[in-house]
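From first to last, the protein sequence lines are chains A and B.
Numbering of the first sequence is given in the numbering used here, commencing with residue 82 and proceeding in unit increments.
Numbering of the second sequence is given in the numbering used here, commencing with residue 3 and proceeding in unit increments.
Ideal placement from N, C-alpha and C gives every residue a C-beta, glycine not left out.
Just so it is clear, the structure is predicted and the values come from calculations on it, not from any experiment.
Notes follow the structure.
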Amino acid sequence: MNQPAKLEPIPPDSPAIQHPDPGAIERVVRAPVLIFIASAVFWLLVSSCLGLLASTQCHRPGSLVVLSDLPWLTFGRVFPAFQCAFVYGWLSSAGIGVAIWLLSRLSNTAYPTVYLPVLSAVTWNIGVGAGILSILGAGGNGRELLDFPFQAAFLLLLAFLFFGIWAVLVIWNRAPDSVYISEWYIFAALLCFAWSFPTANILLNLPQSSIGPAPGVSQGAIHAWFEKGLFGLWLAPLALAVVYYIIPKSVEKPIYSRKLALLGFWAWIACAAFGGMTVFIGGPFPAWMVTTGIVANVLALIPVLAVAANFHMTTRSAVEAVGSSLVFRFVTFGAMIFTVYGFEAAANSLRTISQFTQFTLVALGQNHLFLYGFCSLILFGAIYYLVPQLLNRPIIFAGIANFHFWMSVAGLTLLWFVLTIGGLIQGFGLEDAKVSMDSISDLLKPFLMLQSLGALIIFVANFSFAVAVALIFLLPGRVRWRSHVPETSVERTPEVTVA
Amino acid sequence: MAFARSRDFSGENAGGDRRVNKFAKLFFGVFALFGASWLGLVAYPYITFAGLQPNKDPNTGAVAPQGNPGTADQGARVFAANGCVYCHTQFVRDRNEGSDIERGWGERRTVARDYMFDRQVFLGNARLGADLTNVGVRQSDPQWYYRLLYDPQSLHPASVMPSFRYLFREQRVLGQISADALKLNGPGAPPDGYEIVPTEDGKAIVAYLLSLKRNYALPEAPKPAE
Chain A
82 MNQPAKLEPI
92 PPDSPAIQHP
102 DPGAIERVVR
112 APVLIFIASA
122 VFWLLVSSCL
132 GLLASTQCHR
142 PGSLVVLSDL
152 PWLTFGRVFP
162 AFQCAFVYGW
172 LSSAGIGVAI
182 WLLSRLSNTA
192 YPTVYLPVLS
202 AVTWNIGVGA
212 GILSILGAGG
222 NGRELLDFPF
232 QAAFLLLLAF
242 LFFGIWAVLV
252 IWNRAPDSVY
262 ISEWYIFAAL
272 LCFAWSFPTA
282 NILLNLPQSS
292 IGPAPGVSQG
302 AIHAWFEKGL
312 FGLWLAPLAL
322 AVVYYIIPKS
332 VEKPIYSRKL
342 ALLGFWAWIA
352 CAAFGGMTVF
362 IGGPFPAWMV
372 TTGIVANVLA
382 LIPVLAVAAN
392 FHMTTRSAVE
402 AVGSSLVFRF
412 VTFGAMIFTV
422 YGFEAAANSL
432 RTISQFTQFT
442 LVALGQNHLF
452 LYGFCSLILF
462 GAIYYLVPQL
472 LNRPIIFAGI
482 ANFHFWMSVA
492 GLTLLWFVLT
502 IGGLIQGFGL
512 EDAKVSMDSI
522 SDLLKPFLML
532 QSLGALIIFV
542 ANFSFAVAVA
552 LIFLLPGRVR
562 WRSHVPETSV
572 ERTPEVTVA
Chain B
3 MAFARSRDFS
13 GENAGGDRRV
23 NKFAKLFFGV
33 FALFGASWLG
43 LVAYPYITFA
53 GLQPNKDPNT
63 GAVAPQGNPG
73 TADQGARVFA
83 ANGCVYCHTQ
93 FVRDRNEGSD
103 IERGWGERRT
113 VARDYMFDRQ
123 VFLGNARLGA
133 DLTNVGVRQS
143 DPQWYYRLLY
153 DPQSLHPASV
163 MPSFRYLFRE
173 QRVLGQISAD
183 ALKLNGPGAP
193 PDGYEIVPTE
203 DGKAIVAYLL
213 SLKRNYALPE
223 APKPAE
C-alpha cells in the first residue's frame, strides 16, 4: 500500500480493497461529468470570441464604426460577458465536472443519484447563458464577475446547490478509508462558494430588499471579498485538487510530505480569505482593512511555496520518465504558474509597487496568469486525462493537443509580457501628473494591439482544444467497459492522505 | 445500481464516526477562517457604513453630502449596464498615495461618507480613462458629455473610449432645433432638417455624470497642503 499517513489499517476484506467493479464509478458519473465538460468547452469558445472582440475594440475604437450602432457589442458589455463566460461558463463548469469525478473516485463511492449532478449541469448552463445574454442586452450590474442579473445568479446558485447536496451525500457515504488532500480542497471550495456567492448577490445585486443593496462603500469591500474568494477559494482549490491527484498518479509516488500539504492548505485558506482589499489601496476605507489585505497577500507566499515544494519533491526524480505525458505537462505547467502568480500577487500588493501597478493593465495580466495560466492549463490537463477514460477511448489526439499546449503557452506568455510592460508604462504615466491621459492612451496603443495578437493566439489554442475534445467525443472507439482500471483503482491511488 | 458500496460492510460504526470527525474538523476550520474574513470584510463595513450621518457645517449649517436626484439614479443604471466602470474609477487617493489630486481629479481624498447616498458605488479598479469622482465639477456643460459619448475621438483623438452612438437618435426637426441636439459639422452632421438628440438613456447617464460632485468639505478629509 502506498498510503503513508493512514491512521487505521484497512481490514483485509474491506470493500476499499476488494472492489467489486472498478469501472462502476466511471460508469455512474459519466453522464454529468461529460455534460459539464462538454458545456465548459462550448463556453470556452464563446468567451474566446468575446475576449478577442473586446480586445480589438480597445485599440481600434473608431474603425469598427458599425459596432457603435450595435449596443450589445460595445466594449463595456462584451468585456464583462467575456469574463463571466470564462469564469462561470468555462472554469467553473469544467471544475465542477472534474470535481464530481474526483469526489466519486476518491470516496470510492458510486453514489447512485446522478440526477442531481445532471440537473445541476443543465441549470448551470441555463444560468450562464441567460446571464451572458442579459449582460449583452444591457442587464449587467456593472460589478466585475457579479455582472449576472440576480435571476441568472439565482439559477447558478440553484445549480450549485444540486451539485453541493450530491457532493455532501458522496462524502457522507464514502468508503471507510483515508481522506485525500484533493477532497479537502474540493470541500473547502464548496463551502466558500456556498457562502460568498449568495452573500454577494443578495447584498449587492438584489434590486430592493430589507438588507440590500449594502450601504455606501461597504459595497466595495463586499465585492473585493467576494472576488478574492471566487479566485482563491473556489477556482484555486478546484485546480489544486486536480494537481494533487494527477501529479502523484503520473509519477506513481505518494505526495512527498503530508505536513507540507496540510500547511499549504490551511495557510492558503486563511490568506486568500483576507487578501481582497488590496485593489483599494488609497481608497475610502479604514486603513486596517487594506493593510490586512496586503499582509495576507504577502503571507500567501508561505502556502504557495509549500505547495510548490511539495510538488517539486514529488516529481523530482520522475520528471524524465513522464515528461512526455501531455496531461502531466499541462498540469505541472499550471502548477508552476501558480507559484509565479503567488509572487506577482504579493509584489503587486505592496504599497511601493502598487503605486505603479494599481489601476493598470498589470492587474489584467495578473488575472490572465491566474485564470488562464494556472486554472485553465490544469483543467485542460484534467480533461485530456478524464474524457478518454470516461469514454473508454485510449485515443488522445496528441498532435492537436500538443499544438494546443504550445499555443496556449505562447499566447499566455505574450499576453502577460505585453500587459505587464504596457501596464508599467501606463502606471509610471499615471503617477506623473504632467503626463496627460491622452499621451498615456497614445503610449498604450502598440501594447493594446499586441494584446489582440495574444488574444488571437489563445483563441487558436482554445479552438484546437475544442477540436481535440470533440474528436475524442465523436470518433467511435471501443465502447466496451474495461473490467479493470488499474491506474485509478484504490490499491494504487498514491495521493497523500490527511487526518 | 449494479454497484453501490454496502455500507455495513466495514463491520462496525466506529469507522463511520471517525470519518465524520475528520470532515467535522475540516468543516469547522474552513468555517472559522472564512467566517473571520466575513466578519471583517462584510459584516463590519456593512454595520459601520450603514450608521454614517451626513456632515453639518457648524458655521453655515450646510449639510453634505446630499442625496442624488432621481434622474441621476436612473443614469447610474445606464452607467452600470454599459460597463463604464471597467475603465473609469471613482475614488481619489491622498496626495502621498498617487497623483490624483495633482491631476485635478479632486481637491481632497474621498472617504466613506462621500458615497453614503449612492445606491450603487462604482469604485472601479482600472484607469484606462480619467477618474470620474468629480467629473461634474470639471465639466458642467451637458453638450460636452453628449459630444464625448457620441464621438470620443473628436475631443480626445488618442482615446480608446468607444462611441456610444446608440444613446442618440436622429429625428426630423420640428420647428425649433431641440435644446440638447448635438452641434455637429462636417461629414458626421445629419442631413438638413434632421438633428441628433440623446435618447432617454443618454440624458439619464449625462444627468448622472453631472451629479458627480464630491467637492464639499468633510472634516475627516481636509484638503492637503500643497
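Using a Cβ distance threshold of 8 Å, L125 of chain A and W171 of chain A count as a contacting pair. Interface residue (Cβ-Cβ distance to chain A less than 8 Å): Y88 of chain B is classified as such. With contacts defined as CB atoms closer than 8 Å, G31 of chain B and C89 of chain B fail to qualify as a contacting pair. Comparing alpha carbon positions, the residue from A:G357, A:M417 and A:F461 closest to V408 of chain A is A:F461. E197 of chain B counts as buried, since at least 16 other C-beta atoms from the protein chains shown sit within 10 angstroms of its C-beta.
Look at Y192 of chain A here: in three-state DSSP terms it is coil, with no helix or strand label. Straight through space, the alpha carbons of A428 of chain A and T441 of chain A are spaced by roughly 14 Å. Listed along chain B is no residue with a C-beta nearer than 8 Å to that of P198 of chain A; the closest approach is about 15 Å. The beta-carbon of P192 of chain B is placed no less than 8 Å from the nearest beta-carbon of chain A. Cβ atoms of F346 of chain A and Y266 of chain A come within 8 Å of each other, at about 7 Å.
Under DSSP, I246 of chain A shares a beta bridge with no residue. For V360 of chain A, the residues of chain B that pass the 8 Å Cβ criterion are N127, in the order they occur in the chain. In the structure shown, I434 of chain A falls within a helical segment according to DSSP collapsed to helix, strand and coil. Contacts with chain B at 8 Å (Cβ-Cβ) do not include L131 of chain A.
With respect to chain A, the C-beta atom of Y117 of chain B has a partner C-beta closer than 8 Å. Residue environment analysis places P296 of chain A among the buried positions, since at least 16 neighbouring C-beta atoms fall within 10 angstroms of its C-beta.
Setting aside the 5 residues that flank it on each side, F455 of chain A is surrounded in the same chain by A320, G415, I418, F419 and Y422, each with a C-beta closer than 7 Å to its C-beta; the list follows chain order.
Short of 6 Å from the beta carbon of V516 of chain A, and not among the five residues preceding or following it, lie these beta carbons of its own chain, in chain order: G510. Within the region 275-323 of chain A, the runs of alpha helix (DSSP H) at least 4 residues long that lie entirely inside it are, in chain order, 299-311. For V443 of chain A, the enclosing alpha helix (DSSP H) stretches over residues L442 to H449. Ranked by Cα distance from G364 of chain A, the first of B:V80, B:T91, B:E109 and B:K58 is B:T91. At least one CB of chain B lies nearer than 8 Å to the CB of N222 of chain A. Within the same chain, Cβ atoms closer than 7 Å to the Cβ of S156 of chain B are found at R149, the five residues on either side in sequence being excluded.
A buried status is given to I327 of chain A, since no fewer than 16 other beta-carbon atoms sit within 10 Å of its beta-carbon.
When DSSP states are grouped into helix, strand and coil, E333 of chain A belongs to the coil group. The C-beta of P226 of chain B has fewer than 16 other C-beta atoms within 10 Å across all chains shown, which makes the residue exposed. Scanning the region 453-513 of chain A from its first residue to its last, the whole alpha helix (DSSP H) runs of 4-plus residues come out as 458-471 and 479-512.
Contact note: P144 of chain B does not reach chain A at a C-beta cutoff of 8 Å; the least C-beta distance is about 20 Å. At a cut-off of 8 Å between C-beta atoms, L343 of chain A does not count as an interface residue with respect to chain B. When only Cα atoms are considered, I179 of chain B and N84 of chain B end up about 29 Å apart.
DSSP, reduced to helix, strand and coil, places F419 of chain A within a helical segment of the structure shown.
In terms of beta-carbon proximity, D120 of chain B lines the interface with chain A, with at least one pair separated by less than 8 Å. Interface annotation, P60 of chain B: not in contact with chain A, CB-CB separation never under 8 Å. In this structure, the straight-line span from the alpha carbon of A135 of chain A to that of E308 of chain A is close to 21 Å. Here the alpha carbon of E172 of chain B sits roughly 21 Å from the alpha carbon of A219 of chain A. With a threshold of 16 other beta carbon atoms within 10 Å, A302 of chain A meets it and is buried.
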